[in-house]
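Worksheet: the structure to be examined is printed underneath.
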Amino acid sequence: MPNSPNRSETVKSPAESPFFIGEGRSDRLGDQLSPSTSSPSVSRPSTAGTNGPFSSPAGKNIDPSSRVHTPSVLATQGGYEPEVPSRVSIAARAGIPRVASYYGSPPTNLPSRNSSALRVRESFAAPFSRPLTANSTVPSLTQKRATRMRSTLLDDPSTIEKPWISKKDPYARVAYFLTYGVAFLGILASAARCYLGYKSVPTIKGNLCMVLDEEFNTDTDTIFGSGGNWFREIELGGFGNGEFEMTTSSSNNSYVQDGYLYITPTLTSDIIGMDNVLNGYTFNLTDCTYNDTNPEALPGGSNSSTPDANAYYQACGAVSNSTSGTVINPVQSARITTRNSASIRYGRVEVRAKLPRGDWLWPAIWMLPVNNTYGPWPLSGEIDIMEARGNARSYPNQGVDYVRGSLNWGPLSFLNAYYKTFGWWTQRRTDYGEAFHTYVLEWTPSFLRIYVDSRLNYMLQLSFNEPFFTRGNFPSVVENGSTPIVLQNPWVNGTNATPFDQREHLSDGRLGTGTESVLMRTCFFLAFYLVLDLAVGSTSGWFPDNVGSKPWLDGSNIAMRQFTVAQDQWYPTWGSNGESSSFIMYVAVQSLIPAQTKC
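Residues in the sequence shown are numbered consecutively from 1, following the UniProt record's numbering.
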């Protein structure tokens, strides 16, 4: 430790010491800015030969009257009066400027010898008073950012050569025009592609005449009455697909409500009981329509022979027998058509529908020919505007989140080339039983398109640019069992659209008598009519075996019985309110007519 000044030079009276402790009365510090002094009776001398922490620097005399009592100012501005103990007084320092410490910049004229002692004393001093305004006068503690020195490795910008300023690159202009030229050509090519793509989409050109606009805004009896647009087909023979439902005329299965047509499946066991469904019961459809709907039985049909009696009994009645494995059809549903009211060749069909949900439900919107002009199914064609399965989205073979459109056609009853003309569309986050969707057929002599909601969502788009017999690429000889058959083209005299071109029947007549009679031409649209139905199960392969816990096998003789005894598995998936398993829709049918003809 450095040598301290002589004791005789540093010992002063208590009042002259920078800090001292003595006896006196307790004073309250008020709003005074002048220094406060005390008259001590006993003073504490400093230690001989050393400068204590409270000693003044060497060679400096401190005048107590020159010190400002900082705590008094702080107390006055802060609104409080700190109380000083009775035997303690603080004398102000004089002669040395106040060291700002961390409150400001230190003075430059302090003796370095006593800088540590001053720091110790400074720690006992009161802080600066805080200003009452938003603009503080206290020096900022934030360090200023030093100016970054310029790197000596960088060249002086004035010495860097820039030859492109003095001399232009001859290829720069070429590169400029080449870049923007290619970009412009790309834009032109994209626009041309969009335009040509737009023009390549076939559309209906010609007049469309409204044939049927059904909003189902009347009661059920009117819709299905003698003057109504819809005809109920009533059978239980499976309609050639081995379906497990029977179609009825009951308003439980087909009815109109709130402007919509409903097709709702119900259980046969709710009417006759499950025991009768499985054994010992005979069920007859007294209003069976087989004779009316069988094309071969209709006058003018391709086959005017007498209908098969056995086929009639199979379509209109059933017997349950546990020994033979036969059952009464376990489900009742509906199949309605416009056979007697509206049919078209070429035009537009629009059906807005909400699909049913439930295992093994098979909703369909499709069209059949009024007359089998080219022969029995599928020689005369079938147009499937929409088919779906009611199974859940998890069903491996396309559930209710898929819809499919297709054409059925072929030269023989067992040779159907539908697999060459079909397609589908899907919902990725929901399904077609969640809300209504619009299913549309656009059909002209040159193309056929089936789509859902938008032409962009087409399930099938087919140009009639080659004959269907050529499109099918059928073999020259086929076998039916062990019998070889030489295949003939049934549409040899048709067009590229055959068999989907069956013509309307035209008849001429006169209205009035004598010279005032007028020649009238009546157009009977007897091409394809609309079918709406909700089937349940089948043995046709629409529901593949061993997929999705299917409870029956298509090749089994007791397939319907296997389906019936599993009722506790599939019926709960149909919903409890009946609406979730209902096929709900409304319909508009328009026919394409010659350009010079008015509707």
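Heads up, the beta-carbon is just placed ideally off N, CA and C, and yes, glycines get one too. Computed from a predicted structure; not experimentally measured.
Could you give the distance in angstroms between the alpha-carbon of PRO378 and the alpha-carbon of GLY405? Distance between the alpha carbons of PRO378 and GLY405 is about 16 Å.
CB-CB length for GLN590 against GLY347, believed under 8 Å: 5 Å
Sufficient close CB pairs (3 or more, under 8 Å) joining the region 321–330 to the region 179–186: In short, these stretches do not touch, since the Cβ pair count stays below three.
Considering Cα atoms alone, identify which of TYR419, LYS162, GLY537 and LEU153 is closest to TRP360. GLY537
Name the two residues that bound the continuous alpha helix (DSSP H) containing GLN276. Per the sequence presented here, residue 276 reads as Asn, with Gln not at that position. Segment 274–278, the alpha helix (DSSP H) holding ASN276.
Would you check if there are 3 or more beta carbon pairs closer than 8 Å linking the region 433–452 to the region 470–481? no
Over the uninterrupted alpha helix (DSSP H) stretch that includes LEU185, give me the two end residues. 170–200
Kindly indicate which three-state DSSP category ALA392 falls into: helix, strand or coil? Note: ALA392 maps to coil in three-state DSSP.
Anticipated Cβ contact below 8 Å, ASP431 with ARG393, distance rounded: 6 Å
Report, in whole angstroms, the separation of the C-beta atoms of PHE583 and LEU278, which I expect to be a contact under 8 Å. That belief does not hold up - the Cβ atoms of PHE583 and LEU278 are roughly 27 Å apart, past 8 Å.
Anticipated Cβ contact below 8 Å, ASN276 with SER320, distance rounded: 7 Å
Can you name the residues that DSSP bridges to MET210? GLN590
Residue from ILE365, ALA189 and ASN391 whose Cα sits closest to the Cα of GLN569: ASN391
Ends of the alpha helix (DSSP H) at ASN291? 290–293
For the putative contact between ARG339 and TYR529, defined by C-beta atoms under 8 Å, what is the C-beta separation to the nearest angstrom? 5 Å
Kindly indicate which residue of ASP545, LEU460 and PRO411 has the alpha-carbon position closest to the one of PRO499. When only C-alpha atoms are compared, the closest one is PRO411.
Figure out for me which residue from TRP542, ARG232 and LEU261 has the closest Cα to the Cα of ASN397. Ranking the options by Cα distance to ASN397, first place goes to TRP542.
Just reading off the beta strand (DSSP E) that PRO369 is part of, what are its end residues? 361–369
Please report the residue range of the beta strand (DSSP E) in which ARG471 lies. Where ARG471 is concerned, there is no enclosing beta strand (DSSP E), although the alpha helix (DSSP H) it sits in stretches over 468–472.
Distance between beta carbons of LEU553 and ILE263, contact taken as under 8 Å: Contact flag wrong, Cβ pair sits at about 27 Å.
Can you check DSSP and say which residues form a bridge with ALA535? TRP362
In three-state terms, what does DSSP make of ASP308? coil
What's the call for ARG561, buried or exposed, on a 16-neighbour Cβ count within 10 Å? buried
Beta-ladder partner(s) of SER254, from DSSP: ILE263
Simplified DSSP assignment, three categories, for ASP384: Three-state DSSP puts ASP384 in a strand.
In the DSSP assignment, find the beta strand (DSSP E) that holds GLN567 and state where it starts and stops. It is not in any beta strand (DSSP E) - GLN567 instead sits in the alpha helix (DSSP H) that spans 567–570.
Leaving out five residues before and five after LEU441 in sequence, what residues of the same chain have Cβ atoms less than 6 Å from its Cβ? VAL349, ILE385 and ILE450
Are GLY548 and TYR395 close, meaning C-beta to C-beta below 8 Å? yes
Taking LEU456 as the reference, which of THR147, SER556 and VAL201 has the closest Cα? Ranked by Cα distance from LEU456, the first of THR147, SER556 and VAL201 is VAL201.
Identify which residue in ASP401, SER254 and THR266 has its Cα closest to the Cα of ALA435. A check of alpha carbon separations from ALA435 across ASP401, SER254 and THR266 identifies ASP401 as the nearest.
So what does TYR281 bridge to, in DSSP terms? SER320
Leaving out five residues on either side along the sequence, give the residues of the same chain with a beta carbon under 7 Å from the beta carbon of ASP156. none
Coil, strand or helix - LEU511 by DSSP: Any reading at LEU511 must be qualified, since the residue scores a pLDDT of 37, below 50, and its modelled position is unreliable; the value itself is stated next. Looking at LEU511 - three-state DSSP - the assignment turns out to be strand.
Give a yes or no on whether 8 Å exceeds the smallest Cβ distance from LEU285 to chain B. In the structure shown, chain B cannot be found, because there is only a single protein chain.
For SER454, the residue or residues it bridges with in DSSP: As DSSP reads the structure, SER454 sits in no beta bridge.
Could you check the C-alpha separation between GLN461 and VAL370 for me, to the nearest Å? 24 Å
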